[in-house]
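First up is the structure itself, then whatever we jot down about it.
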Amino acid sequence: GEPDNNIINIGGMAADYGYHAVWAEGIDQAKIIGETSSFGSGINDAFLVSPPSISGGSITSSTIGEDLNDIGEYVIETSDNNLLITGRTNSAGAGQYDVFVAKVQYDGTMLWHTIIGGNLNDRGFAAKETIDSSGFVIAGATESYGAGQSDMYLIRLDNDGNVMWAKTYGTIRFDAAYDIGVTKDAFILSGKTRNRFAGSDDDIYVVKTDISGNLIWARAYVGGNNETSEFSWIINDTTYLIGGYTNTYGNGGYDGYVLVLNKKGNVLTSSTYGTPAGDEKFFGMDTTSDDGYIFLGQRFAPGSNTTLFYAVKTIALASGCYQNFGYSKYNVNTFVDSGYVDTSGIIAILIGLATDTTDCSQQQFLCTSCDLKLPNDELLTAEEIRIYPNPAHDYINISFDTKLNTGIKITISNITGSIQEDYGYFAPEQFESFVSLNTSMLSPGIYFVRLTGNNIDKSVKIIIMD
Numbered sequence: 005g006e007p008d009n010n011i012i013n014i015g016g017m018a019a020d021y022g023y024h025a026v027w028a029e030g031i032d033q034a035k036i037i038g039e040t041s042s043f044g045s046g047i048n049d050a051f052l053v054s055p056p057s058i059s060g061g062s063i064t065s066s067t068i069g070e071d072l073n074d075i076g077e078y079v080i081e082t083s084d085n086n087l088l089i090t091g092r093t094n095s096a097g098a099g100q101y102d103v104f105v106a107k108v109q110y111d112g113t114m115l116w117h118t119i120i121g122g123n124l125n126d127r128g129f130a131a132k133e134t135i136d137s138s139g140f141v142i143a144g145a146t147e148s149y150g151a152g153q154s155d156m157y158l159i160r161l162d163n164d165g166n167v168m169w170a171k172t173y174g175t176i177r178f179d180a181a182y183d184i185g186v187t188k189d190a191f192i193l194s195g196k197t198r199n200r201f202a203g204s205d206d207d208i209y210v211v212k213t214d215i216s217g218n219l220i221w222a223r224a225y226v227g228g229n230n231e232t233s234e235f236s237w238i239i240n241d242t243t244y245l246i247g248g249y250t251n252t253y254g255n256g257g258y259d260g261y262v263l264v265l266n267k268k269g270n271v272l273t274s275s276t277y278g279t280p281a282g283d284e285k286f287f288g289m290d291t292t293s294d295d296g297y298i299f300l301g302q303r304f305a306p307g308s309n310t311t312l313f314y315a316v317k318t319i320a321l322a323s324g325c326y327q328n329f330g331y332s333k334y335n336v337n338t339f340v341d342s343g344y345v346d347t348s349g350i351i352a353i354l355i356g357l358a359t360d361t362t363d364c365s366q367q368q369f370l371c372t373s374c375d376l377k378l379p380n381d382e383l384l385t386a387e388e389i390r391i392y393p394n395p396a397h398d399y400i401n402i403s404f405d406t407k408l409n410t411g412i413k414i415t416i417s418n419i420t421g422s423i424q425e426d427y428g429y430f431a432p433e434q435f436e437s438f439v440s441l442n443t444s445m446l447s448p449g450i451y452f453v454r455l456t457g458n459n460i461d462k463s464v465k466i467i468i469m470d
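Positions in the sequence shown are counted from 1; adding 4 to them yields the working numbering.
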């Protein structure tokens, strides 16, 4: 279709969906994977779409599949300038649905494909290339193997698509991996588990393995209601970001939910993003040019019975802002699946429509990002103040290099700006040596010490360790 107010219609006369997107650096273009019943040779085929660039151009697409159902769930660009796609198929294989993996050229030309699975339902939800470019890992869910009704499924492939090994992780009930992060010595699977004393609520479930798939740890992050992780992000080899949604914490209903974990799976920080009047969920993320993060998802507005695009931009996982975009002609079945941020800083959100009043079933939304700053982001320098030790454990000491003429109020906040400890006011003479503060009640993570007085309003970042 023709661009109209930054909306691009892609699809045919039947249902077509976009599930994941990647910015292909090799050709400087977005690639979208999903499914189509408008085109292809089967009931549903995997649908690989290239939308036009910001400056214009045409829409190109190709299909992958046989006579029944072939669904593309996830796409990545490979180090040799091709694409790797994973999903599920019942056109071929041993079971009801099997994991489908294909390596294709940018135009969709098949290089190889493989089908993995057993007698029941098995699905591939995410894929990553290994750090050493020796192959790929596929994360998903299997009913054919493992200990429960469904287990997390991790498959290691070589560069030719041959299965090197496949392993399962989970409980006696339902577990699924929706994304995977890769470090030089570990794989981080994130998703959900439904194993809480025969209840029906979901909890975020994260599994860490070594590069041979051997379990290092598995952690469930339990709330009172439902929590799910839809994506993971490797901050560095020892720090992992897990994102999704919760209806236990936050402003009511569902809220976007972000956890930052250390290498042992302990929570360093947790943040929620949402509004009291709506349900917000995160489905993907990317980094921004100013070293921040953009979280992408949806917002359901109960009063209008519509679902809108929802984005939150943060700096260093601190305070955020959001922008909602939506069109009332789309009904409650509208949902946001994924997105990407291109090199110009434009956020591109891909929205799949379960039903629609028009003949299109996929949209691309573009919006500009928000400019944010941390509250009180003018940090004290070493010449003005000393806070030590930093990183700290059970205490910190605070001293000034110059004599104060005002009392100081001291608080410690987490990275969302929520005050965790209020130490009250200290007289100027108390800083003639130093003030010692107990921090043993703080969980490991990043915090900001704020000092306020008649002519002082400064913040300093500290790290609390195990």
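Note that beta-carbon positions come from the ideal geometry of N, C-alpha and C, so glycine has one too.
query                                                                                                                     : result
Bridge partners - V262, DSSP secondary structure assignment                                                               : G247, S275
Which of helix, strand or coil DSSP assigns to F435                                                                       : helix
Separation of T67 from N48, as counted between CA atoms                                                                   : 9 Å
Minimum C-alpha distance to L193 - residue among D32, D205, L219                                                          : L219
Beta carbon of G301 nearer than 7 Å to that of K317                                                                       : no
Where D470 falls: helix, strand or coil (DSSP)                                                                            : coil
Straight-line Cα distance separating N163 from D470                                                                       : 40 Å
For S95 and G165, the rounded distance between their alpha carbons                                                        : 19 Å
Identity of the residue in T197, G121, T187, L272 nearest D167 by Cα                                                      : The displayed chain sequence assigns Val, not Asp, to residue 167. Selected option, being the one with the closest Cα: G121.
Residues that D183 bridges to, as DSSP identifies them                                                                    : S194
Under the three-state DSSP convention, the category V226 falls into                                                       : coil
Given E39 as reference, the closest of R92, Q424, I119 once Cα atoms are compared                                         : R92
Pair within 7 Å by beta-carbon distance, G46 and L87                                                                      : no
Residues sharing a beta bridge with E231, DSSP                                                                            : T250
Beta-carbon contacts of Y78 that lie in its chain and below 8 Å, excluding the five residues immediately before and after : Y23, H24, I37, I89, T90, G91, G128, F129, A130, A131
CB contact flag (G247, M289, <7 Å)                                                                                        : yes
For A190 and Y209, believed in contact at Cβ under 8 Å, the rounded distance                                              : Rounded, the Cβ-Cβ distance is 16 Å, inconsistent with contact.
Helix, strand or coil at I419 according to DSSP, with G and I counted as helix                                            : coil
Integer Cβ distance of N230 from D259, believed to fall under 8 Å                                                         : The pair is not a contact, with the Cβ atoms about 11 Å apart (cut-off 8 Å).
Three-state class that DSSP yields for I402 in the structure shown                                                        : strand
At least 3 beta-carbon pairs within less than 8 Å: the stretch 424-434 vs the stretch 445-453                             : yes
Own chain partners of M114 with C-beta closer than 6 Å, once the 5 adjacent residues on each side are dropped             : V108
Minimum length 3: unbroken beta strand (DSSP E) runs contained in the stretch 30-78                                       : 33-40, 49-54, 64-68
Pairwise C-alpha distance: Y399 and I416                                                                                  : 12 Å
Assigned secondary structure, N442 (DSSP; H/G/I helix, E/B strand, else coil)                                             : strand
Euclidean distance between Cα positions of I31 and D111                                                                   : 11 Å
Residue range of the unbroken beta strand (DSSP E) whose run includes G288                                                : 283-291
Rounded Cβ spacing between T134 and V211 (contact assumed at less than 8 Å)                                               : So it is not a contact: roughly 17 Å between Cβ atoms.
DSSP state of M17 mapped onto helix, strand, coil                                                                         : coil
Closest residue to G457 among K465, G411, N418 (Cα-Cα distance)                                                           : G411
Endpoints, the beta strand (DSSP E) within which D214 is located                                                          : 207-214
Contained beta strand (DSSP E) runs [length at least 3] in the stretch 158-182, N- to C-terminal order                    : 167-173
I119 versus D155, G76, E81, D84, residue with shortest Cα-Cα distance                                                     : G76
Short Cβ contact (7 Å threshold) for T172 with Y182                                                                       : no
Status (buried if at least 16 other CB within 10 Å, exposed otherwise) for F452                                           : buried
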